[in-house]
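Input: a single structure, listed below in structure tokens.
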Amino acid sequence: MYIIGIYDVNKKRVGKIKKLFDRYMFWTQNSVFEGKLTKVQLRELRNKLDGIIDPEEDQVIFYQLGNQKWLNKTILGKQVDDDPPNFI
Numbered sequence: 000m001y002i003i004g005i006y007d008v009n010k011k012r013v014g015k016i017k018k019l020f021d022r023y024m025f026w027t028q029n030s031v032f033e034g035k036l037t038k039v040q041l042r043e044l045r046n047k048l049d050g051i052i053d054p055e056e057d058q059v060i061f062y063q064l065g066n067q068k069w070l071n072k073t074i075l076g077k078q079v080d081d082d083p084p085n086f087i
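Residue numbers 0 to 87, in numbering that gives the first Met the number 0, belong to the letters of the sequence shown in order.
Here is the structure:
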């Protein structure tokens with residue numbers, strides 16, 4: 000499935016969160032990542048995030064699409080490579 004992950008976390012945790020997302024998805028802009036993940040990979044990522052974020056002050060949102068072709072995305076300005084490989 001195709002996932003868009005967005006986070007808003009305390010600056011003390013931004014580095015850890017970004018490094019974790021980098022292992023599963025590709026960066027599109029500040030605090031936003033996209034990528035194709037299996038259900039197992041998404042569950043892994045969520046479990047690891049649970050160990051890092053503070054639910055009282057941080058927020059992570061996942062948008063799940065069954066397939067990337069269902070995403071109608073318009074980009075204004077500088078574009079980032081749309082299909083880099085996922086690394087885990």
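Backbone N, C-alpha and C define an ideal beta-carbon position, used for all residues, glycine too. Computed from a prediction, not measured in an experiment: that's the story for all the values here.
Query: With the cut-off set at 8 Å, would you say isoleucine 2 and leucine 36 are in Cβ contact?; Result: yes
Query: Please state whether DSSP places aspartate 57 in a helix, a strand or coil.; Result: coil
Query: For aspartate 21, which residues of its own chain have a beta-carbon under 7 Å away from its beta-carbon, when the five flanking residues on both sides are left out?; Result: none
Query: Kindly identify the DSSP beta-bridge partner or partners of glutamine 63.; Result: Ile2
Query: Which residue marks the beginning of the beta strand (DSSP E) containing glycine 34, and which one marks its end?; Result: 31–35
Query: Report the option in Val8, Lys38 and Gly4 whose CA atom is closest to the CA atom of aspartate 53.; Result: Val8
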